[in-house]
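Protein sequences appear in the order of chains A and B. Letter by letter, the first sequence follows residues 157 to 376 in the numbering used here. Letter by letter, the second sequence follows residues 35 to 301 in the numbering used here. Each residue gets a CB set at the ideal place from its N, CA and C atoms; glycine is no exception. Computed from a predicted model, the values in this text were never measured in an experiment.
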Amino acid sequence: MATFLECGPFSARDGEGRLLFEDALVSLADGQCVTLEGPSGGGKSTLLRFITGLAWSPEAGRTLEGADFAGSQMPAWRARVTLAAQDAPMLAGTVRDNLAFPFAQRAGCLHDFDEGASSDLLQAVDLGRLPLDREVRTLSGGERHRLALVRGLLWDPPVLVADEPLSGLDPEVAGQCFELLLRYARRPGRLLLCALHDPEFNSRADRRLRLAEGILGETR
Amino acid sequence: MSGLIELGPLQLATATLLIVAAGVVSFVLRLGVERRLAIAALRTTIQLGLLGLILERVFALENPWLVVGLLLLMTIFAAREAVSRASRRYRGILADAWLTMAASCFLVGGIVTQVVVGVKPWYDPQYVIPLLGMILGNSLTGISLCLDRFMDYLETRSNEVELRIAFGATRREALAAPLRDAVRTGMIPIINSMAAAGIVSLPGMMTGQILAGSPPMQAVAYQIVVMFMIAAAVALGAMLAVVFAGRRFMGPDATLRLDRMTSESHQ
Numbered sequence: 157m158a159t160f161l162e163c164g165p166f167s168a169r170d171g172e173g174r175l176l177f178e179d180a181l182v183s184l185a186d187g188q189c190v191t192l193e194g195p196s197g198g199g200k201s202t203l204l205r206f207i208t209g210l211a212w213s214p215e216a217g218r219t220l221e222g223a224d225f226a227g228s229q230m231p232a233w234r235a236r237v238t239l240a241a242q243d244a245p246m247l248a249g250t251v252r253d254n255l256a257f258p259f260a261q262r263a264g265c266l267h268d269f270d271e272g273a274s275s276d277l278l279q280a281v282d283l284g285r286l287p288l289d290r291e292v293r294t295l296s297g298g299e300r301h302r303l304a305l306v307r308g309l310l311w312d313p314p315v316l317v318a319d320e321p322l323s324g325l326d327p328e329v330a331g332q333c334f335e336l337l338l339r340y341a342r343r344p345g346r347l348l349l350c351a352l353h354d355p356e357f358n359s360r361a362d363r364r365l366r367l368a369e370g371i372l373g374e375t376r
Numbered sequence: 035m036s037g038l039i040e041l042g043p044l045q046l047a048t049a050t051l052l053i054v055a056a057g058v059v060s061f062v063l064r065l066g067v068e069r070r071l072a073i074a075a076l077r078t079t080i081q082l083g084l085l086g087l088i089l090e091r092v093f094a095l096e097n098p099w100l101v102v103g104l105l106l107l108m109t110i111f112a113a114r115e116a117v118s119r120a121s122r123r124y125r126g127i128l129a130d131a132w133l134t135m136a137a138s139c140f141l142v143g144g145i146v147t148q149v150v151v152g153v154k155p156w157y158d159p160q161y162v163i164p165l166l167g168m169i170l171g172n173s174l175t176g177i178s179l180c181l182d183r184f185m186d187y188l189e190t191r192s193n194e195v196e197l198r199i200a201f202g203a204t205r206r207e208a209l210a211a212p213l214r215d216a217v218r219t220g221m222i223p224i225i226n227s228m229a230a231a232g233i234v235s236l237p238g239m240m241t242g243q244i245l246a247g248s249p250p251m252q253a254v255a256y257q258i259v260v261m262f263m264i265a266a267a268v269a270l271g272a273m274l275a276v277v278f279a280g281r282r283f284m285g286p287d288a289t290l291r292l293d294r295m296t297s298e299s300h301q
C-alpha cells in the first residue's frame, strides 16, 4: 500500500537516561486505524509528540502525501498531523472556545468552525446536552476526554494522533467513541494513530504497533 | 517662596533613629527582618552617597560623553537588577534585558528630554539623568514582573500553549496569550500609581520638587510628564522583553523549548 505518512528517525531517552526508542521510523498508509501499544513509561506519548512535531526534533524528516515539512512549515504539519494529547488538555474558557479555537488560527483558515457538525459529534459521544457556553473547568474528567475527542474529529486533519483518547470513559461510551474513531480513520486521505491499552479495541485495529524496550515493532 | 532648608549630618543622624525604630519593631515582633533592614539602609546610604558624589562631578564637568556613559552604566545595572528579581532564567536573559532597557529608556527618555521638555544643551545632566533614572527604575519593576509572569505562564500552563501548537498555531499565535498576560501584569504597578496619584499618594518626584521650592503647578506638570513617560517606557519595555524571551523559547517552527528555562530555586 502507498505510504501516506512518513517520519523519523526519532531517538529519545527518559529522564533517567534510559533509551525509549532509537532511530524509530514511522511509515503508514491512509484509510487505517493504527494503534500503538506498549508498557506505560515505555515512551508511547513521547513518540507521539515526536511524530506530531511537538517535541524538538530538527534532524527528523516528515512527509505527508509526498510533501516534505520542516522548519517554519511545522505549524502546517501540526495542523495536518494533529495530536489530541493525553489527559485532554483544555484552554481556560468555554466548550465553544475549546472547539472553535483551531479554526481561528491561521492554520484553520482552510475551513470554518461548523456549529452543526460540532453538535452532531457531541451528540455522538453522548454530550448532546452540553451547552456550548459551559465553562470547561466545570466538566468532569470523562466529559473533558470526550470533548477533546470531538475537537480532534471536528478539526478533521489528514492524520489524527490520539494519546489514550478513551481513558476515563465507561465501557459503553468508550465503545461508542471507538466506533466514531474507526469511521473517521477508514476513509481515503485519513489516518488515525492512537495509543490505546484496551485489548479488545486494539484487536480491531488495521495495524498494531508496539513500543517496548527501546524497539518500535509490530504486533500481528 | 520659601527657600530650601539644608540637611546636615545632624539631621541625617536624627532620621537614622527612624530606621532604628523600624528595626526595634522587627525585633520585638520577631519579624526577623532587622538584618535585611540594616543592610538595605546601609545600601541606600552608600549607593545614594556615591551617586551624589558622582552627580556633583558630572554636573560640574558638563561633558556629554560622561553623561551618556553614566546612562549606559545605569541601564546595565537596571538590567542586572531586573534579571535577579525574576525567579526563572534562560541563556541570554541578561543581554535581552539590557537591550530592552536601553531601547525603551533611550527612546522614551529621548523623546521626553529632547522634544517634550526641550533640554538645552541636549545632555544637560540636571534633567537627563534624573528623568532617565526614573524610567529605568520603573521599567526595571515592570520588566522583571513581566518576564517572571511570562515564564511562569509558559511553564505552568504549557498544556494550553502546546494545545494551540498541536492544532497548528504559529509562534505568534501560540505566544499571544502568555504575552498579553505578561505585559498586563508588568503594567499594573504604573497603572495603579497613575490611578492613585494625587488622591492616595503624592508622587515622590512631585514631593521632592515642592520641597525644593518649585511652584506646585510646575511640580504637577513635571509629574504628569513623568507618569506618561514611565507608562510608555514600561509598556514598550515589557513588550520587548517578552518578545525577546519568546524568541528564545520558540523558534519559527513553533516548538516550545521549556528545556531552555532554568529556575533559581535557591532564591
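What in chain B is Cβ-close to residue i, meaning under 7 Å?
{"i": "phenylalanine 365 of chain A", "result": "Just to set this straight, residue 365 of chain A is leucine in the shown sequence, not phenylalanine. Correct list: empty, because the minimum Cβ distance to chain B is about 20 Å."}
{"i": "proline 231 of chain A", "result": "Gly202, Ala203, Thr204, Ala288"}
{"i": "alanine 235 of chain A", "result": "Phe201, Gly202"}
{"i": "threonine 208 of chain A", "result": "Ala200"}
Closest to residue i by C-alpha separation, out of the options, would be which residue?
{"i": "glycine 144 of chain B", "options": "B/Leu245, B/Gly167, B/Val195", "result": "B/Gly167"}
{"i": "valine 276 of chain B", "options": "B/Val150, B/Ala203, B/Ala210", "result": "B/Ala210"}
{"i": "aspartate 182 of chain B", "options": "B/Thr48, B/Met295, B/Pro43, B/Gly66", "result": "B/Met295"}
{"i": "proline 314 of chain A", "options": "A/Leu372, A/Leu336, A/Leu239", "result": "A/Leu239"}
{"i": "leucine 288 of chain A", "options": "A/Gly297, A/Asp282, A/Leu278, A/Ser296", "result": "A/Leu278"}
{"i": "alanine 368 of chain A", "options": "A/Cys163, A/Gly173, A/Glu178, A/Glu172", "result": "A/Glu178"}
{"i": "alanine 55 of chain B", "options": "B/Ala75, B/Leu38, B/Leu41, B/Leu44", "result": "B/Ala75"}
{"i": "glycine 222 of chain A", "options": "A/Gly198, A/Leu372, A/Ala158", "result": "A/Ala158"}
{"i": "leucine 352 of chain A", "options": "A/Thr208, A/Ser201, A/Gly164", "result": "A/Ser201"}
{"i": "arginine 423 of chain A", "options": "A/Ala216, A/Glu320, A/Leu309", "result": "It is not possible to answer for residue 423 of chain A, since the shown part of chain A is limited to 157 through 376."}
{"i": "methionine 135 of chain B", "options": "B/Phe278, B/Leu82, B/Ser121, B/Ala230", "result": "B/Phe278"}
{"i": "leucine 281 of chain B", "options": "B/Ala246, B/Asn226, B/Thr241, B/Met185", "result": "The displayed chain sequence assigns arginine, not leucine, to residue 281 of chain B. Among B/Ala246, B/Asn226, B/Thr241, B/Met185, the Cα nearest to that of arginine 281 of chain B is on B/Met185."}
{"i": "arginine 205 of chain B", "options": "B/Ile80, B/Ser248, B/Leu290, B/Ala253", "result": "B/Leu290"}
{"i": "alanine 263 of chain A", "options": "A/Arg252, A/Thr294, A/Asp312", "result": "A/Asp312"}
{"i": "leucine 85 of chain B", "options": "B/Met108, B/Ile53, B/Tyr157", "result": "B/Met108"}
{"i": "arginine 70 of chain B", "options": "B/Gln81, B/Thr79, B/Gly57, B/Ile80", "result": "B/Gly57"}
{"i": "tyrosine 161 of chain B", "options": "B/Glu96, B/Phe283, B/Asp215", "result": "B/Glu96"}
{"i": "aspartate 170 of chain A", "options": "A/Gly164, A/Gly197, A/Leu184", "result": "A/Gly197"}
{"i": "leucine 97 of chain A", "options": "A/Gly164, A/Leu184, A/Arg174", "result": "Shown here, chain A extends from 157 to 376; a query on residue 97 of chain A therefore has no answer."}
Secondary structure at residue i, three-state DSSP: helix, strand or coil?
{"i": "glycine 220 of chain B", "result": "helix"}
{"i": "valine 58 of chain B", "result": "helix"}
{"i": "alanine 200 of chain B", "result": "helix"}
{"i": "methionine 35 of chain B", "result": "Bear in mind that the predicted position of methionine 35 of chain B carries a pLDDT of just 44, short of 50, making it unreliable; the figure below should be weighed with that in mind. Reduced to three states, the DSSP call for methionine 35 of chain B is coil."}
{"i": "glutamate 299 of chain A", "result": "helix"}
{"i": "alanine 240 of chain A", "result": "strand"}
{"i": "methionine 239 of chain B", "result": "helix"}
{"i": "proline 33 of chain B", "result": "Since the first and last residues shown for chain B are 35 and 301, residue 33 of chain B lies out of range."}
{"i": "tyrosine 157 of chain B", "result": "coil"}
{"i": "glutamate 356 of chain A", "result": "helix"}
{"i": "isoleucine 177 of chain B", "result": "helix"}
{"i": "threonine 191 of chain A", "result": "strand"}
{"i": "serine 297 of chain B", "result": "strand"}
{"i": "glycine 197 of chain A", "result": "coil"}
{"i": "arginine 291 of chain B", "result": "coil"}
For a contact meaning CB atoms closer than 8 Å, what does residue i contact in chain B?
{"i": "serine 228 of chain A", "result": "Pro286, Asp287"}
{"i": "glutamine 261 of chain A", "result": "Arg198, Phe201, Gly202, Ala203, Thr204, Glu207"}
{"i": "leucine 247 of chain A", "result": "Glu194, Leu197, Arg198"}
Measure how close the beta-carbons of residue i and residue j come, nearest whole angstrom, since I'm counting them as under 8 Å.
{"i": "glycine 220 of chain B", "j": "leucine 179 of chain B", "result": "5 Å"}
{"i": "phenylalanine 160 of chain A", "j": "aspartate 186 of chain A", "result": "4 Å"}
{"i": "leucine 292 of chain B", "j": "glutamate 194 of chain B", "result": "Not quite, the Cβ-Cβ distance comes to about 13 Å (not below 8 Å), so this is no contact."}
{"i": "valine 136 of chain A", "j": "arginine 300 of chain A", "result": "No statement about residue 136 of chain A is possible, as the shown extent of chain A runs from 157 to 376 and does not include it."}
{"i": "arginine 364 of chain A", "j": "glutamate 193 of chain A", "result": "6 Å"}
{"i": "phenylalanine 166 of chain A", "j": "alanine 241 of chain A", "result": "About 17 Å separates the two Cβ atoms, so there is no contact after all."}
{"i": "leucine 305 of chain A", "j": "proline 321 of chain A", "result": "5 Å"}
{"i": "cysteine 189 of chain A", "j": "alanine 341 of chain A", "result": "4 Å"}
{"i": "methionine 228 of chain B", "j": "glutamine 257 of chain B", "result": "10 Å between Cβ atoms; not a contact."}
{"i": "arginine 236 of chain A", "j": "leucine 220 of chain A", "result": "6 Å"}
{"i": "isoleucine 177 of chain B", "j": "alanine 288 of chain B", "result": "About 25 Å separates the two Cβ atoms, so there is no contact after all."}
Name the chain A residues whose beta carbon is nearer than 7 Å to that of residue i?
{"i": "glutamate 189 of chain B", "result": "Within chain A, no residue comes near glutamate 189 of chain B; the closest Cβ sits about 15 Å away, beyond 7 Å."}
{"i": "leucine 333 of chain B", "result": "In the structure as shown, chain B begins at 35 and stops at 301. Residue 333 of chain B is therefore absent and cannot be evaluated."}
Under 9 Å Cβ-Cβ, which residues of chain A neighbour residue i?
{"i": "arginine 281 of chain B", "result": "Within 9 Å Cβ-Cβ: nothing; arginine 281 of chain B doesn't reach chain A, min ~13 Å."}
In chain B, what lies closer than 9 Å to residue i by C-beta?
{"i": "threonine 238 of chain A", "result": "Ala200, Phe201, Gly202"}
{"i": "glycine 264 of chain A", "result": "Phe201, Gly202"}
{"i": "phenylalanine 166 of chain A", "result": "Chain B residues near phenylalanine 166 of chain A: none, gap ~14 Å exceeds 9 Å."}
Indicate whether the contact test is met: 3 or more Cβ pairs, each with one atom in the stretch 246-262 of chain A and one in the stretch 318-335 of chain A, closer than 8 Å. no
Any contact between the stretch 258-272 of chain A and the stretch 199-217 of chain B? By contact I mean 3 or more CB pairs, one from each, below 8 Å. yes
Is the stretch 253-267 of chain B touching the stretch 154-173 of chain B in the sense that three or more CB pairs, one from each, lie closer than 8 Å? yes
Three CB pairs or more closer than 8 Å across the stretch 131-141 of chain B and the stretch 110-121 of chain B: yes
Under 8 Å: do the stretch 228-237 of chain B and the stretch 154-165 of chain B share three or more Cβ pairs, one atom per stretch? no
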